[in-house]
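The next block holds one structure in the form of structure tokens; read it before the comments.
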Amino acid sequence: MKMLKKKPLYQVLMGTFVFAIVISMASCYPNDDLSVSETDLVMTSYYDSVDFSNLNTYYMSDTIYPVRDDTSDKSLIKDNNLIVKTIADNMQAIGYTRLYDTSSVVPDVRISTAAISITNIQVGYWYPYYPGWGWGWGWGWKKSSKGMDYYYGYPGYYPAGWWGYPYYTSYTTGTLLIEMANPRDIRVVDNDTVVPMYWTAAVSGVLGSASSNSDRAVSGVNKAFELSPEIKPNN
Amino acid sequence: MKKNKFLTTVFIVLISFSAMGQGGGIWNFDWNMGFPMGETKDFIGQPSFRGFSMEGRGFVTENITLGGIAAWNVFYESSGWVTTQQDETKLYGYQRRYLNVMPIMMTGHYYFSQGSVQPYIGVGVGTYYIESRNFMGIYYTQGKDWHFGVAPEIGVILPFSNSNTGVNLNFKYNYAAKTKNEQAYSWFGVNFGISYLF
């Protein structure tokens, strides 16, 4: 009966070992999958010492400046006109007047836009290992000339693929940048001539299908204006 | 790799405690539930049902055990689309938060009886390794630190008849203290699992 005490301990240790391996494979970060539209982020920032009520006119180019991984490609982005129109509609709705000819009249503010596309590539190694789940490992009693011996069979655990499988994932993020500045408000800070940004908005997300990108860009721009009641000239 | 080193340390600690249990002892393998309290609740309000613990206790007197415990709990909450603001900057995005907690503690327990029902009280003292992640879309801010912690508990072991296995149920208050960089965390744990008595 004394010898019986050792067996549960061994069983317990093996159980612990199997249990621990399984648990170590469990996820630290459950529910870590996002749909493409859930990756969208809208950020806005305004300069609080500016009196926006004095600003009425603005100039905006019809070209959204494209920034791509391939820097030689300066073609317009697919939704260029749609996004420019969305910004123009929002600016008109809050009370700004758009100027098209700045040769004779200086606008109160200028809006610059850019679209930045960055492709991220991740390389990882996946090490799958599958411990055997055998709770019923064999053990038994064997009578020998020395008295009672006991022995136990080993549970089948077979680690598969210790050398690891490489995998590559890549995703491209697109960021739309909208900046509003006053061309006449020039300041000198630490011997640098700077034009402070009156308002900055960024709409960013992982790029998906063409139609989803268009929809999300438009709703992102609308959201940016919705978050910025402070820039309304007629507050 | 960090997890393997962690588990190896845990085994060494627990095995050394079981060796100490000359008068027998108890192994517990429990499923852990966690209910956030206090400052934890400000970060994540949802309870955690993803957690487990391994514990080894050795009797040093007739009614007292000393031992060690290692555990892992995951708290998760998705707040969906939120707008946050800091000064003049606003951020609108899909917010999710994670808390990964790994308590490693030395424990001591006192048993009121050791028959067919074994109620006990005890306390654990040790450390909580806590990693928090606050996601907005695909971007996140992370905090990680080792916190000193204490965990008083009350529970009961119910052995199956004529067997050296049984059921363990306990209620534990987990408190991980504030560190220089990270806030304090506390949660109420309900743990349920299997005991091996030897």
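From first to last, the protein sequence lines stand for chains A and B. Counting from 1, one number per residue, gives the positions in the first sequence under this note's numbering. Counting from 1, one number per residue, gives the positions in the second sequence under this note's numbering. Note that beta-carbon positions come from the ideal geometry of N, C-alpha and C, so glycine has one too. Source: prediction; values computed, not measured.
query                                                                                                                        : result
Beta-bridge pairing of Leu34/A - partner residues as DSSP gives them                                                         : Leu34/A pairs with nothing; no bridge assigned.
8 Å Cβ cutoff, Ile270/B in contact with chain A                                                                              : Residue 270/B cannot be examined here, being either before or after the span of chain B that is shown, 1 to 198.
Cβ pair Gly205/A, Thr39/A closer than 8 Å                                                                                    : yes
Ala114/A versus Ile77/A: straight-line alpha-carbon distance, rounded                                                        : 10 Å
Where the beta strand (DSSP E) through Gly34/B begins and ends                                                               : 25-37
Residues, ordered as in the chain, of the segment 173-187 of chain A that lie near chain B by beta-carbon distance below 7 Å : none
Cβ of Ser117/A within 8 Å of any chain B Cβ                                                                                  : no
Proximity to Tyr173/B [Cα-Cα], best of Leu158/B, Ile121/B, Gly68/B                                                           : Ile121/B
Segment contact, 8 Å Cβ cut-off, at least three pairs: the segment 180-187 of chain A with the segment 63-74 of chain B      : no
Cutoff 8 Å: Val42/A Cβ touching any chain B Cβ                                                                               : yes
Check whether Phe35/B and Trp187/B have beta carbons under 8 Å apart                                                         : yes
Where Arg97/B sits in the DSSP three-state scheme                                                                            : strand
Option in Tyr175/B, Lys178/B, Gly166/B, Asn170/B with minimal Cα separation from Ile26/B                                     : Gly166/B
Residue from Tyr92/B, Phe59/B, Val117/B whose Cα sits closest to the Cα of Ala202/A                                          : Tyr92/B
Own chain, CB closer than 7 Å to Val125/B, minus 5 neighbours either side, in chain order                                    : Met105, Met106, Val150
Cα-Cα separation, Met91/A to Arg187/A                                                                                        : 26 Å
Interface flag, Leu91/B vs chain A, CB-CB below 8 Å                                                                          : yes
Residues near Glu119/A by beta carbon distance below 7 Å, same chain, minus five either side                                 : One point to set straight first is that residue 119/A is Thr, not Glu, in the sequence displayed. Hits under 7 Å: Asp69, Ser170, Thr172.
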